[in-house]
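Every letter in the sequence shown is one number past the one before it in the working numbering, and letter 48, counting from 1, is 277. The C-beta atom is built at its ideal place from N, Cα and C for all residues, glycine as well. Quick caveat, the model's predicted, so the values are computed rather than measured.
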Amino acid sequence: MAFVRTRGLQGYITGDSPVPWLAPLVAMLVVFTIYPLFYNIWLSFHEYAPFKRRLVYVGTENWSTLVNDPRFWEALSVTFTYFFVLLAIQVVLGMIIALLLDSDEPGFGLLRGLLTLTLVIPPAITGMMFLLMEDPEFGVLTYLLESLGILTGQDPILATSSTALAGVMLADIWQWTPFMVLIFLAGLRSLPQEPYEAAMLDGASAFQTFRRITLPMMSKVIAVAVLIRGIDLFRAFDYMFVMTSGGPGTSTYTLSLYAWQQTFSFIKWGYGATLSLVSLVLILVIANLFIWIAKVRW
């Protein structure tokens with residue numbers, strides 16, 4: 230009887246049914262995605278009461294507080310600024326560098342490999358590196374900008390509200406532009422050569438070839454890169470936390486940092502969950518709208 234059961238189990242696993250292979254994935258999805266999502270929704274209608282040392286039901290109070298919270302709108306403004314500016318810079322820089330490295334000449338393979346080095350560094354470490362480089366006393370970037378006359382010693386990069394966000398952006402650009410370069414390089418290396426040969430015979434310039442051939446054929450690759458990087462940019466946290474803690478004032482306060490502060494510093498678990506849900510909804514809306522506009526197909 231045991232032999233029959235074992236054989237039946239082996240036949241079930243080695244058969245054509247997808248259930249044994251999908252079950253671990255479904256279990257991970259439930260444990261790490263679906264349950265936390267519904268718990269977060271439930272938590273947004275509750276708040277932790279320190280004196281009672283338990284969660285109490287507050288209804289829609291967290292949501293009404295969020296709508297009337299000026300700090301939330303400031304954090305949302307900083308998040309969108311960070312999102313759009315960095316996305317534009319990294320796409321343009323990534324494409325330019327990818328075009329320069331799209332060659333089979335000796336040494337270019339090594340250069341492409343070196344691009345991956347920034348990606349293996351934890352963002353918190355990168356934040357610390359740029360925090361030191363932008364130090365007003367001995368930072369190398371500060372010294373360089375002062376030598377060029379762009380910056381004065383009275384305006385520290387990370388301590389001035391007008392330049393703090395740009396200082397944080399430098400760390401993100403340095404670390405994640407190579408990610409865009411690698412994606413664009415993979416797309417460029419896979420393009421057919423026949424259209425380029427025809428353009429060469431027709432006497433098209435390099436810019437005309439890029440605008441009329443390379444860019445249209447790379448549109449889907451660019452769209453996917455923008456989607457992946459955009460989602461990551463919208464939940465930016467590490468650089469702000471390490472380099473500025475949201476300051477000076479609220480000039481580098483992002484939505485993720487604000488949600489973290491409310492949850493763990495002020496022990497407002499319900500309000501922090503509400504902020505996280507708003508961030509999730511915004512990401513889903515923007516991502517799906519972009520997929521619809523760019524006609525990205527998975």
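Check                                                                                                                      : Outcome
For V285: DSSP bridge partner residues                                                                                     : E276
Among G478, H275, S508, T473, nearest to S485 - alpha-carbon criterion                                                     : S508
E423 versus F337 - alpha carbon distance                                                                                   : 23 Å
Three-state secondary structure assigned by DSSP to G416                                                                   : helix
Cut-off 8 Å between Cβ atoms - residues of its own chain near S390, not counting five sequence neighbours on either side   : P477, G478, S480
Buried versus exposed, by CB contacts within 10 Å (16 or more), G459                                                       : buried
Beta-carbon contacts of T392 that lie in its chain and below 6 Å, excluding the five residues immediately before and after : I386
Length of the line joining the Cα atoms of D364 and T262                                                                   : 40 Å
For P279 and F495, the rounded distance between their alpha carbons                                                        : 11 Å
Opening and closing residue of the alpha helix (DSSP H) in which S508 lies                                                 : 498-523
Coil, strand or helix - V233 by DSSP                                                                                       : Caution is warranted here: a pLDDT of 47 is assigned to V233, below 50, making its placement in the model unreliable, and no coordinate value can be reported.
CB of N297 within 9 Å of CB of S273, strictly                                                                              : no
8 Å CB neighbourhood of W403 in its chain, flanking five on each side removed                                              : T347, T355, F359
Separation of L417 from F439, as counted between CA atoms                                                                  : 11 Å
Neighbour-count burial assignment, Q490, 16 or more Cβ in a 10 Å radius                                                    : buried
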